[in-house]
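Under our numbering, the residues of the sequence shown are numbered 41 to 1964, in order.
Before any comments, here is the structure.
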Amino acid sequence: MNKSLLLLLGVCLTQATLRSEDLADKVFGPGREYVYKYEGEVKSGIPKSSDRFSGLKFECEARLQFKTDKEVLMRLEKIQLKSLRGELESPEERSLKKMTKTTSKEIVHEQKHQDAFRQDHFSSSSFESGSKSLKTSSSSQESRETPSQEKWEQKGKWAQEETPRQETEQRTSSEEAGRSSSRQSRESSQRSSQSASREVSEEVPEQQLAELRRQLEKPVRVTYDQGRVLSIIAEKDEPQWSINIKRGALNLFQCTRNPKKADMMDADAREETSNVPFDKSPERLFRIIEEGVAGECETQYDIRRANGVELITKAQNFQGAKCRSRPSITHSLFSGKIMEADIVQHMITTGEITMRLVTDASGKFLVQRAESRGTHSVLAYKEGNGEMETFVKQTLELIEAKTTISEPKIPEPTQPENKGSLVFVFAPEIRSQKSQEETKEKATQLCEEISRGLRETVAEETPKRFLELVGELQKMSKEQLKQFCAEKIPKTKASSKEQKAESETRKLIIDAVSMAGTEEALEAVWELLQENKISEGDAQSVIAGLSLSIKRCTAAGVNIMLEIAKSKQALQYPELRKVAWLAVGTMVHKLTQAQPKETTEIIQLKSEYAKQLLHGIQPEKTDEEKMMCIKALGNAGLEDSVDRLAEIINSKTTPTEIRLQAIYALRRIVQKLPHKTRNILYPVFKNPANPAEERIAAFVAMMDAGSELPVSFLELIAQSTQRETSNQVGNFVYTTLKSCAESRMPRDRIVRHACIRAMRHCRPFNLGIQYSQTSDWQAMSEEMKLGASLKIQTISDKRSVLPRAVTAKINLQALSYSVNFLEFGVRAAGMQTMVDALYKQYEHQTSAMSQLKKKSQETSREYRDSSSTERQRTFRNIEAEKIQSKLNIKTRTPEDPKGQIYVKANGNEIYFHQFRSDMLKKLVREDKLSFPEIEKQLQQGAQTSRTKASMLVDVSEIVATFLGLPMKAELKALAVTRSDIAGKMIVSPSLYRKESSGEEKSISNIEAELTSTHSAHVQIIAKMTVDCRVIKAGVGLDASVKGLLPISGKVTLDMKNRNHKVTFQTPEKERELLVLKSRPIVFTEETAVRKTQGAKQVKGTLRKEITIQGEKVQKFPSQMKTAWGRQALGLEFALQSSMISRLNKERSAPYQPLTGPVELRLAVRPGENRPEEVEIVCRPRAVPATSSEENSSEQRSAEQPSAMRLELDIRAKHPQQDRNMMIKIQTKDEQVEIDPRRREIDASTERRYPRKLLLRSPREKEPAVSAETQQQGREDGKQQTRKTIAIQIERSRIPDLESWDFKGCAEMQLEYPTFRDSRLIQDGVVKTKVDAKWGADCSGRGPRVQIDAKFQKSVQQRRFERQEEAAEWDSRNSGEGLTQSQELRLESLLDTVQTLWMWEPKPERNSRSVQESSSMEKSRESSSRSAQESSSMERSRESSGSSEEIQFKKLRGNLYKQCLKDRRDGQRYSRACQEAVRQRSQLRELDAEIQFQNIPAWLEQTCLAAHSYILNSLYSRSAVRQVGVANPPNQIRVRATLDRAEREMNVTIRTPRQDHNISRLPMAWAPVWFPSTRKTLTEQAMDTATKNKYTPFCKVQSNDKIRTFDDVEYKYRLSKCDHILAKDASPEEKFMVLVNKPEERKPEKTVKVFIKSTKIELRVPRGSSSEEVQSQEAAWEDQEWRQSQEKRQTSQQTSAESRSKSKSMEWTSVEEEQHLHKPIEVTIDGRQVPIQSGEVKTIRHQTTGKVICTLYCHGNGIQLKSPQHGLKVKVDNHNVEVKVSHDYRKKLVGLCGNFDGEQSKEYEGPREEVYKSPKEFGLSYLVPSKQCEVQGKKQPVMRNIMITRLNERNEEQACFSKIPVAQCPEGSRKTKSDVRSTEFHCLPKELQSTQKMIKLHKTKPLGGLQSKSTDLVQDVEAELECRE
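Have a look at this one:
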């Protein structure tokens, strides 16, 4: 090391002897001439992966002649150009070379080769390696040789320290040493260069270099002032590319030696003094903005002066913010938002220039030597290997300096033209006529090659040829494109295979023209459209593509698109017109976005285009035109359109679709004008009167502001959810903010923190999938900075189960850009109507055409008006008609089907289509869909082919290098897909048949054949290329993905015999299903001329490539080969891959393209005994019940089969021997009863626990209920449903692999409670048993696995229940809680339990007891908190702020005690009871026992690997005991216990060798679901998805509380009058449910159900006369206080008696003793029908015989079910429960609410009026009749109040209340009233319609007034109670 330093010091001392004073008199000045040696090198590669490179080298001599001090003539001479390719030495060669080194000089040079690309690949400059001759000439032509200069650092120091005498002595001695050292260094450098680099250098032939040399040799005049190049004047015809190369040479002369203070960027820069002409300080450091060939950017100078020599080093910063201007051209098919906050930069450019100047005393200078180095890097990864780099080096060395100009002198430009400054200039390429003809010929040739590549499938070279075709089309002129399109695009008949290939080629040519992206292509298409030489469909595709792909959008291009949009062709074809207007908006946006600063011209263009687009949304325009122009405005994003869009948004007369689109049109403007748009959108979002869809749209538009959205404003939106009344809006806002806060995408980095802060103020709307929400799926690689996200936003509709609008947005993140790749959206209103129609078709088994016609007629207004009388006659019960007429119920007409679909690319809407109900009806009625013709064509056989090319990515950026050559970085990805489908289908009978009257035939047979081949080829090309006109050199990536999916088979569906068969063919030869190839390369491209056979010279491109193998990362690639199925299936699936891991790992990312070659192949090939075809036969069967089961099955249902069987027969046909496989699956459901004695015995022997903590006996009594309720609960608790699934598999042996046939049997049993268990004292169990056997037979002697698992209550859960019961018992005895002695006894009981616990290790017993005790307390607290949160989400509008809600929260800690209190008050279904039952019905323990024998080795290894994975991944939560474990062999025991908060669980795994305990395992980590006995398993699963909203129900309780379908609870006292509880208010009027109370003071109720034409009445038998009932009612009020006293005394007496009883704890209920349940009487259409307990009655239609509903008597209750009508009614006299399907959303009226999913407008009356109190809401559904009158009491009726007034013109008006108000009927007086503020609508009294309303308002409520204007607000009196 010391020797190396000494040697380096010697070299520096040698170079320090340079005699710079020889050049001091030859500084730049007028009349002098200088000759420089100029060299430039470019080398590209991936240096961290491989030493292979490619590049080019430019050499010449630059002659400069100074005419004046500022005017310089320059000419380039002796121009040479070379292409470079090569590879550096390998590490082994370098190590071997180190072993053979002998001299220290070679070691010095070896150190210079450490950085292979940046040093070794460039020939050494004179700065580093020796001397070169420098010729200086005076007027006498004297010349002499001068030694090389040393490095400037050493020179500067020695010059200051040495005296002149020492300098002279040292100079003499050092000159000799310097000469010898220079020779040795030069020779060593040559040897090192030859050995270190196997470089191939090829000179460009003179023929190709002629044009380049001719242009470069032209002289230029340069204005050069004090080191700065100010202007360049050259010949007028000299192209800019030639000037740019000369700019690269002049860039080495650019220097700022003494900047002005105003130009310096440093704040503490030294001020210049006026009396000092030049700053001569030895060192200086400053920053300025300086022009260079690569741009005007920040430049850091470091200047050091010594003895007439200046050494200048300047570094340039090319970051975007550090440059005033930087020449570049960027094109992207999908532009995106750049992530400025992203730290990682994927494109990095660096540059450094070093100059040596010789100066004289006056300050003039001479550039003696200059060198520049630049690097352009593309960073594909965050760290590690894989950077594509291009290195640029320039050297300029003075070889001759003359004080006079020699002859011949450089001539002046003959036609001078100012070419600009030193900054690189991009100029459009001017193509000659010859080159244009060559382009056309090449395009034609490419079309032929593409056509040949599409004959069978997509050939491998087709995507590459397509990309080349797009490139050639971009070079064509308008006339050439027009001629090309006219020849290639017209349609041709495809009969032969070649013609079919040409037809598919035509489709690809249309795609290629749409991707050309030039205005010439747009002009050509416009002219072809005018000449009718292109169809409207083809023009539509081309225009849509050109609007996205156009590279440089100008005003001329936008005007052309405007002409197309306004043309007569566009008016004739609406689809073409829509696409053209959308394209106008897209191009306007591109035009405005391309300008970084808004000029006056851009502002004028914006205003003009805004006027053009706003003209289409004038009031007189149609809705279709308005929608089209608003969408175009949304694409354009013009600020001038905001005011007009705001008018549309705020207009209430504008249709909803137009207002919504106007809101979405602001999404691009919101980032430009955030404050103004927020003032427009926020009022829309905040107003609860607006539709939910509009409010959500306003929120989405505001969120598009992104980083422009203030945190405070986002918090304001979040806080508004606390007062939100719409569940749709609240859930959407909550889920959107939540997905934003959890986003990992860089685009959300800034707004994510704001969303996290906003979530603290947001109300949690954890609603189900039926509500509007945002779902976001993301995949982000932080290592590669690549990612993608899929965001799906659904806007649900309160009228339908289906969502109203769905939007799917795909976003890509790459290279620091966020790109909105694609967006699909569907908005459809009235979709439920269409779904109902399809469901009816399936239900009635009619043809599709007849059903569509029928549904179209039924939904039309004409049908409803014309056939209303006929439909009314079908009602046998006139009572339903009278109710309709009395209450004037408004029909909830479903929305007509309408909507739109749209597609967006890069945020630009490129296509949309609207559909309306009138269009659909017209098509159906007039049979314009041609369904019969389509079916006929399918029967005969149809063939189709589809070929499509899609440009996935097209991104390019061109920047300038220091050489003056453009460097282009581009990435292109193209997908070519093709689908060839051939097949036929026969349906018997015909699918679209015309049925005769009364004929209904179902489909009996379907036969279909299909042969299809689907292929896709994706080509990815990435390049970084430097272009020198005749040579291109660079580094690139060539990747391709090819997929193939052949499908061939036949399907036969025998619907009559239920025998279905599927047959498919197997491949006869090997087929590659998936092929992925990728290889990084370095390459050079040269323009070569070759001769054809006809001696014609044809220009072509000669490409030479070298593949980068990645040997510096991995010596050998990672390979993987696997195959499966060769013998077992007869088909072998083979997977083979080879790759170079970027991080030198065997297993890493599957695709690392820039490291080395990657190849992956998935193929299928014939194996041994390949079957020719595979046949699968499916036979579903219904197994009839056995004789012993017939009686029980009849009781359940006569139509329900007892078991189902499915048989699958799979046969692989082979010429020699067929192979068969039979799969039999049988399911069976049966009802079993639990034997209480057997259960107690099983519980006592299960564990050694105290009896109190074991399974409860079904004999235990339920507290605070009557005896009959207890008995019914016991009977229900005994019933268990056992579901059995048996699977049997039989397979023939595999030849040469197996010796016997295979047989496997598996039987699974699931046993769960049949009925819901709503008792407090319950202990249900859910059991599962699995028995799997396989081998030669199913005898059990072979491999066998048995699983016996059950869900039950945990010991901790039972202990807690016992504590609650004991506390309640003692409090009833002493009035206090547990005594101290009782607490001690409980603690001892816990210790006993822990002692008897055999599962836990003994040393951990005490600590575990403490831990369980503390965890129990924590569980109680967390359970209380979670219950409070869930309760706040389920609050009702009436009881949210009531004292009952507050009291419930206080008593939540002891719900059991509160529930018993409620039950004693007669409230069995109170909130406390529901929550207590929920907690006690949860089964929180899973106990599973797994036994196995003779299992195969692979299964055993899999189980061990799974256990090991669990142990390692949960190491911190695990405790393992192995010592002293003696568990049974061949047995695994698993127990999981859930905590009370239902968030964590403890798991114990007991294997034969060890005990493994896992503590506090979060539920989110384990896929375990703990069931409950309160609901069925299906209901629990669906409630999990819908957040307990799966089964909507309404309940009328015995305490006069009613719970609606939307979970709103209110209190309303029913009377003898019938009230509509629930009614289908749709036009179909499927059902109606009425309810009344025969005795107001008793809980018994009468229910009437109307289903179609049948009336079913459920009531208590009439045991007394009406007089007796009336007398009881009159005496009730007088005895009310006495009964309350008796009730209190009875309760105290009951408590005293209970204390004397045993611990069986027999509870009594005073309320239920007074109102015992009585049997229910059933009448159907007035006829009494007897029904016994457990009996099922089926009610059928009298004419058709179809089942209408079934009645099931269960205990003392009756349950009515009508699945076809979606209705279920359950009555037990005291309570009434109604359940409906989700199809009735927003279709119901009645006391149960409107079922719209919202709680804000739950009190909606019959005519959609909204009441403020439940009393008036209930009265609005009261049916007036004589039975309502009881002893002088009369029920109020709802009527519209009328008042008269005089208006401003003194005209009399009649004003009607918009909402009916309770009024006493005529002849009665009010006894209770309340004041209401009421709105009135006034009408002229003299009108005939007003007179009619005056007469009607006294008889029934008026409809249609709620939507009218409010003319008067006045307080009126609502009469709530009336008497005679």
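No residue lacks a Cβ here, since even glycine has one placed at the ideal position from N, Cα and C.
CB-CB under 6 Å to F358, same chain, minus the five flanking residues each way: which ones, in chain order?
Here residue 358 refers to the residue found at position 318 when the sequence shown is read from its first residue. Cβ neighbours of F358 beyond the five flanking positions: C337, T389.
Would the beta-carbon of T1965 fall within 8 Å of that of L588?
In this structure the chain extends from 41 to 1964, so residue 1965 is not present and cannot be described.
Could you check where the alpha helix (DSSP H) with I790 kicks off and where it finishes?
Taking the sequence shown and counting its residues from 1, the one referred to as residue 790 is at position 750. Where I790 is concerned, the enclosing alpha helix (DSSP H) stretches over 789–799.
Rounded to whole angstroms, what is the Cα-Cα separation between V1687 and Y1652?
Locating residue 1687 in the sequence shown gives position 1647, where the first residue counts as 1. Locating residue 1652 in the sequence shown gives position 1612, where the first residue counts as 1. When rounded, the distance between both Cα atoms is 17 Å.
Just to check my reading of the structure: K1063 and G1076 have Cβ atoms closer than 8 Å, yes? What is that Cβ distance to the nearest angstrom?
Against the sequence shown, residue 1063 aligns to sequence position 1023. Against the sequence shown, residue 1076 aligns to sequence position 1036. Yes, they are in contact, since the Cβ atoms of K1063 and G1076 sit about 4 Å apart, within 8 Å.
Sheet register partners of Q701 (DSSP bridge)
Position 661 of the sequence shown, counted from the start, is the residue given in the question as residue 701. According to DSSP, which records beta bridges pairwise, Q701 is partnered with nothing at all.
Starting from Q813, follow its DSSP beta bridges and name the residues at the other end.
The residue labelled residue 813 in the question sits at position 773 within the sequence shown. Its beta-bridge partners are T834.
In angstroms with no decimal places, state the Cα-to-Cα distance between Q1386 and G1170.
The residue you call residue 1386 lines up with position 1346 of the sequence shown. The residue you call residue 1170 lines up with position 1130 of the sequence shown. Using only the alpha carbons, I get a separation of about 33 Å.
When we look at the beta-carbon of L1539 and count the other beta-carbons within 10 Å, is it buried (16 or more) or exposed?
As a working note, residue 1539 is residue 1499 in the sequence shown. Around the beta carbon of L1539, a 10 Å sphere encloses fewer than 16 other beta carbons of the protein chains shown; the residue is thus reported as exposed.
Anyone know if the C-beta pair for L685 and A702 falls short of 8 Å?
For this step, residue 685 is matched to residue 645 along the sequence shown. For this step, residue 702 is matched to residue 662 along the sequence shown. In contact: L685 and A702 (Cβ atoms closer than 8 Å).
With R986 as the anchor, note down where its beta strand (DSSP E) starts and where it stops.
As a position in the sequence shown, residue 986 is number 946, starting the count at 1. R986 -> beta strand (DSSP E) spans 982–1000.
4 or more residues per run - each alpha helix (DSSP H) lying fully within the segment 733–790:
751–760, 767–781
Inter-residue Cα distance where the pair is E1172 and D1336
Translated into the one-based positions of the sequence shown, residue 1172 becomes position 1132. Translated into the one-based positions of the sequence shown, residue 1336 becomes position 1296. Straight-line Cα distance between these residues: approximately 16 Å.
Simplified DSSP assignment, three categories, for C295:
Here residue 295 is taken as the residue at index 255 of the sequence shown, counted from 1. Residue state for C295 is assigned as coil, using DSSP reduced to three classes.
Use the C-beta contact count for H1937: other C-beta atoms within 10 angstroms, 16 or more gives buried, fewer gives exposed.
For the purposes of this step, residue 1937 is taken as the residue at position 1897 of the sequence shown. Buried, because 16 or more other Cβ atoms sit within 10 Å of the Cβ of H1937.
Within its chain, find whatever has a CB closer than 6 Å to the CB of E79; leave out the 5 residues flanking it on each side and keep chain order.
Locating residue 79 in the sequence shown gives position 39, counting from the first residue. For E79, where only same-chain residues beyond five positions count, the Cβ hits under 6 Å are E99, T435.
Ignore the nearest five residues each way along the sequence and tell me which others in I1934's own chain have a CB closer than 7 Å to its CB.
Counting from 1 along the sequence shown, the entry for residue 1934 is found at position 1894. M1882, A1894.
What ranges does the alpha helix (DSSP H) occupy inside the segment 477–519, keeping only unbroken runs of at least 4 residues that lie completely in it?
You should have 502–515.
May I ask you to verify whether the segment 1785–1804 touches the segment 1618–1637, counting CB pairs closer than 8 Å and requiring at least 3?
no
Which one of K540, P1941, K1810, N1887 has the shortest CA to CA distance from K1898?
Taking the sequence shown and counting its residues from 1, one reaches residue 1898 at position 1858. When only C-alpha atoms are compared, the closest one is P1941.
Quick one: what does DSSP say Y357 is sitting in, helix, strand or coil?
Walking along the sequence shown from the start, residue 357 turns up at place 317. Here residue 357 is Asn; the residue named in the question, Tyr, does not match the sequence. The three-state reading of DSSP puts N357 in strand, counting E and B together.
What residues in its chain sit with their C-beta under 6 Å from that of D1658, if we drop five residues either side in the sequence?
Within the sequence shown, residue 1658 is the residue found at index 1618, counting from 1. Here the set comprises L1674, N1676, V1863.
Taking the Cβ atom as the reference point for each residue, do V262 and V407 lie within a distance shorter than 8 Å?
Looking up residue 262 in the sequence shown gives position 222. Looking up residue 407 in the sequence shown gives position 367. Contact flag unset, no.
Look at E1213 and T1053 and say whether their C-beta atoms are less than 8 Å apart.
The residue you call residue 1213 lines up with position 1173 of the sequence shown. The residue you call residue 1053 lines up with position 1013 of the sequence shown. No, they are not a contact pair.
Start and end residues, alpha helix (DSSP H) containing H715:
The count along the sequence shown starts at 1 and reaches residue 715 at position 675. Unbroken alpha helix (DSSP H) run through H715: 714–726.
As a quick exercise: from E1957, E1891, D1527, R1573, pick the residue whose alpha carbon is nearest that of Q1927.
Reading the sequence shown from its first residue, position 1887 is the one you call residue 1927. Here residue 1927 turns out to be Leu, not Gln, going by the sequence shown. The shortest C-alpha separation from L1927 is found at E1891.
Go ahead and pull the three-state DSSP assignment for T632.
Start at 1 with the first residue of the sequence shown, and residue 632 comes out as number 592. Note: T632 maps to helix in three-state DSSP.
Specify, as a first and last residue, the run of the beta strand (DSSP E) that D683 falls within.
Your numbering for residue 683 matches position 643 in the sequence shown. Not the beta strand (DSSP E): D683 falls in the alpha helix (DSSP H), residues 682–690.
What's the gap between the Cα of F1391 and the Cα of G1837?
Residue 1391 sits at position 1351 when you count from the first residue of the sequence shown. Residue 1837 sits at position 1797 when you count from the first residue of the sequence shown. Between F1391 and G1837, the C-alpha separation is close to 34 Å.
Q1637 to I736 span [Cα, whole Å]:
Taking the sequence shown and counting its residues from 1, the one referred to as residue 1637 is at position 1597. Taking the sequence shown and counting its residues from 1, the one referred to as residue 736 is at position 696. Straight-line Cα distance between these residues: approximately 37 Å.
For a test of the three-state rule: what should DSSP assign to T1618, helix, strand or coil?
Mapped onto the sequence shown, residue 1618 falls at position 1578. DSSP places T1618 within a helical segment (H, G or I) once states are collapsed to three.
Is it buried or exposed, N1097, if we count other Cβ atoms within 10 angstroms and call 16 or more buried?
Taking the first residue of the sequence shown as 1, we reach residue 1097 at position 1057. Exposed, by the Cβ-count rule.
For T984 versus S123, is the C-beta distance shorter than 8 Å?
Within the sequence shown, numbered from 1, the residue matching residue 984 stands at position 944. Within the sequence shown, numbered from 1, the residue matching residue 123 stands at position 83. It is not a contact, given that the beta carbons lie outside the stated cut-off.
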